[in-house]
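To start, the structure itself, in structure tokens.
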Ligand SMILES: Cc1cc2nc3c(=O)[nH]c(=O)nc-3n(C[C@H](O)[C@H](O)[C@H](O)COP(=O)(O)O)c2cc1C
């Protein structure tokens with residue numbers, strides 16, 4: 001299925017900058033949209049419900065100002081990510097703000113999209129749901145989502161285990177009426193083209209956007225992305241309780257076994273509170289135990305978002 005026309009506005013390449021806990025803030029989202037790629041953030045990155053209200057109002061106003069000043073080259077649209085798992089106690093309040101500010105794209109993850117789909121459709125928004133295998137894709141399709149994000153092997157964050165060469169064509173054939181989005185290890189313009197050839201409508205890129213000037217990521221996170229390769233990414237459920245990918249060096253620095261993520265009591269970096277809290281204490285999951293996808297192998301710089309997207313567009317068109 002082609003990309004819905006409401007999501008095509010201002011798009012320079014068929015890319016969504018994926019929502020990332022802590023990393024995706026206002027600056028990254030607005031810079032991404034202005035450069036011609038859909039910018040998104042997890043609603044929980046805004047500390048309080050009041051902050052979230054301000055964030056959404058700010059994004060809308062900033063992009064509207066940009067579009068007024070650049071009618072020839074308007075911004076791409078923005079989106080939010082709702083964690084629909086029952087552990088998210090703020091979900092209902094966040095949904096109310098989604099209905100108030102009406103982001104064109106709503107991405108649901110870690111659960112079932114449920115009645116969010118109907119509510120977002122009522123204002124003309126699109127809902128994409130992320131999945132790691134066919135079973136949950138079926139559930140999401142039954143709930144009426146517009147797109148399925150296939151979170152494949154090697155992705156940053158809570159990655160799946162399926163190879164995109166198998167998963168994308170299977171999704172494409174099973175759901176010809178839905179948008180299919182490929183997530184995992186995509187880092188350049190050739191990857192975007194490859195995703196399309198496989199049958200995806202959008203490339204979904206996380207880690208590549210961590211290494212940008214606008215990301216909310218500290219210097220050491222950038223360095224570890226630049227200096228490490230695909231074999232330095234460890235797939236473990238010991239950090240957050242769900243299987244995900246983390247940079248080996250950061251596991252080691254947190255006093256965790258760099259191969260498994262298990263706490264290492266005899267490590268000089270071990271903090272006692274990690275024993276029960278899977279990387280608590282001074283070294284925290286996501287904050288200083290860095291998540292990244294295997295695509296770090298191809299990332300050696302931290303340009304501005306604008307330069308990155310211009311470069312990827314040139315590679316994609318070439
Ligand atoms: C640091 C980090 C945090 C993430 N946080 C979230 C999140 O809060 N919600 C979500 O749906 N996905 C999250 N993801 C997954 C991304 O949205 C996306 O699926 C993934 O980054 C794509 O793989 P790539 O990093 O190899 O490009 C996160 C990924 C990373 C690297």
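Residue numbers (UniProt numbering): 1 to 318. A virtual CB, placed ideally from N, CA and C, is assigned to each residue, including glycine.
Fill in: Closest by C-alpha distance to residue 104, when choosing among 241, 80 and 169
Walking along the chain shown from the start, residue 104 turns up at place 104. The shortest Cα separation from residue 104 among 241, 80 and 169 belongs to 80.
Fill in: Spatially closest choice to residue 57 from 315, 78 and 261, by CA coordinates
Position 57 of the chain shown holds residue 57. When only C-alpha atoms are compared, the closest one is 78.
Item to complete: Look at the alpha carbon of residue 189 and the alpha carbon of residue 316, and state the distance between them as a whole number of angstroms.
Response: As a working note, residue 189 is residue 189 in the chain shown. As a working note, residue 316 is residue 316 in the chain shown. Residue 189 and residue 316: Cα-Cα distance of roughly 4 Å.
Worksheet item: In its own chain, which residues sit with a C-beta less than 6 Å from the C-beta of residue 311, not counting the 5 before and 5 after it?
Response: Counted from its first residue, the chain shown places residue 311 at position 311. Closer than 6 Å at Cβ, skipping near neighbours: no residue.
Worksheet item: Quick one, which of 221, 181 and 256 has its alpha-carbon nearest residue 239's?
Response: By one-based count along the chain shown, residue 239 stands at place 239. Residue 239 has its Cα closest to that of 256, out of 221, 181 and 256.
Item to complete: Could you check what DSSP says for residue 78 in three-state terms: helix, strand or coil?
Response: The residue labelled residue 78 in the question sits at position 78 within the chain shown. For residue 78, the secondary structure class from DSSP, reduced to helix, strand or coil, is strand.
Worksheet entry | Close-in-space but distant-in-sequence residues of the same chain around residue 168 (CB under 7 Å, 5 per side omitted) | Counted from its first residue, the chain shown places residue 168 at position 168. Answer for residue 168: 150, 180, 182, 198, 199 and 200, listed in chain order.
Item to complete: To the nearest angstrom, report how far apart residue 133 and residue 162 are at their CA atoms.
Response: Position 133 of the chain shown, counting from 1, holds the residue named residue 133. Position 162 of the chain shown, counting from 1, holds the residue named residue 162. The straight-line gap from Cα to Cα measures roughly 7 Å.
Discussion item. Output needed for residue 27: all residues of its chain with C-beta closer than 7 Å, excluding positions within five of it in sequence on either side, in chain order.
Written reply: Position 27 of the chain shown, counted from the start, is the residue given in the question as residue 27. Excluding sequence neighbours, residue 27 sits near 214.
Worksheet item: Do you know offhand how far residue 203's Cα is from residue 130's?
Response: For this step, residue 203 is matched to residue 203 along the chain shown. For this step, residue 130 is matched to residue 130 along the chain shown. If you draw a straight line from the Cα of residue 203 to the Cα of residue 130, it is about 13 Å long.
Discussion item. By the three-class DSSP mapping on this structure, what secondary structure does residue 21 have?
Written reply: Taking the first residue of the chain shown as 1, we reach residue 21 at position 21. Correct three-state label for residue 21: coil.
Worksheet item: CB residue 148 to CB residue 99, shorter than 7 Å?
Response: Translated into the one-based positions of the chain shown, residue 148 becomes position 148. Translated into the one-based positions of the chain shown, residue 99 becomes position 99. Going by C-beta atoms, residue 148 is not nearer than 7 Å to residue 99.
Worksheet item: So which of 3, 4 and 17 has the shortest CA-CA distance to residue 206?
Response: Looking up residue 206 in the chain shown gives position 206. Residue 17 is the option with its Cα nearest to residue 206.
Worksheet item: In angstroms, rounded to a whole number, what distance separates the CA positions of residue 44 and residue 36?
Response: Residue numbering aside, residue 44 sits at position 44 when the chain shown is read from its first letter. Residue numbering aside, residue 36 sits at position 36 when the chain shown is read from its first letter. The C-alpha of residue 36 is placed about 24 Å away from the C-alpha of residue 44.
Item to complete: Consult DSSP for residue 110 and reduce its assignment to one of helix, strand or coil.
Response: Against the chain shown, residue 110 aligns to sequence position 110. Coil, per DSSP.
Worksheet entry | the stretch 231-250 touching the stretch 289-309, judged by at least three CB pairs closer than 8 Å | yes
Item to complete: Please state if the CB of residue 106 and the CB of residue 120 are separated by a distance shorter than 7 Å.
Response: Sequence index remark: in the chain shown, residue 120 carries index 120 (1-based). Sequence index remark: in the chain shown, residue 106 carries index 106 (1-based). Yes, they are a contact pair.
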